[in-house]
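Peer 1: Structure below; questions to follow.
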Amino acid sequence: MKLCRSHFDAYAQIYTRSSISDGAGGQTVTWALLDNVYSYIDERNASEVLDRDGLETQRRITIYCNYRNDISGNDRFQLDSRALNITSVTRVGP
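In this note's numbering, the protein residues as written are 44 to 137.
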């Protein structure tokens with residue numbers, strides 16, 4: 044797929060996982076804003092899988108944005124009101 048900057052029409056926010064002390068010896072996970080990016084969203088058809096005693100709907104969403112070396116698999120995208128966990132980061136192109 045050949046992409047150029049004019050295809051990046053979705054505005055998304057990238058959040059990074061941060062752990063802070065809860066004061067009682069434990070950790071609390073929070074999400075801190077890393078940056079705002081323009082991106083291209085490619086959504087695939089949803090599929091349903093049987094998980095324990097119910098159906099779970101899974102949808103693969105591929106998000107293309109400018110290359111950043113500070114995005115990892117522990118981060119998440121916030122797109123509109125949906126929080127999307129990043130499962131892998133792949134550099135496409137040179």
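Even glycine gets a Cβ: it sits at the ideal position worked out from N, Cα and C. As the structure is a prediction and not an experimental result, all values here were calculated from the model.
For my contact list, N128 and R119 are in at a C-beta cut-off of 8 Å; report their separation, rounded to the angstrom.
Peer 2: Yes, N128 and R119 are in contact; Cβ-Cβ is about 5 Å, under 8 Å.
Peer 1: Near S82, what residues of its chain come up, given a Cβ to Cβ distance below 7 Å and the 5 sequence neighbours on each side ignored?
Peer 2: Contacts found: F51, A53, A55, I106, Y107 and C108.
Peer 1: I need the boundaries of the beta strand (DSSP E) containing V72, first residue and last residue.
Peer 2: Segment Q70 to D94, the beta strand (DSSP E) holding V72.
Peer 1: Hey, how far is the Cα of S64 from the Cα of A126?
Peer 2: Their Cα atoms are separated by approximately 24 Å.
Peer 1: Determine which residues share a DSSP beta bridge with T59 and list them.
Peer 2: A75.
Peer 1: N128 bridges to which residues according to DSSP?
Peer 2: Answer is R119.
Peer 1: Specify, as a first and last residue, the run of the beta strand (DSSP E) that G97 falls within.
Peer 2: Where G97 is concerned, the enclosing beta strand (DSSP E) stretches over G97 to C108.
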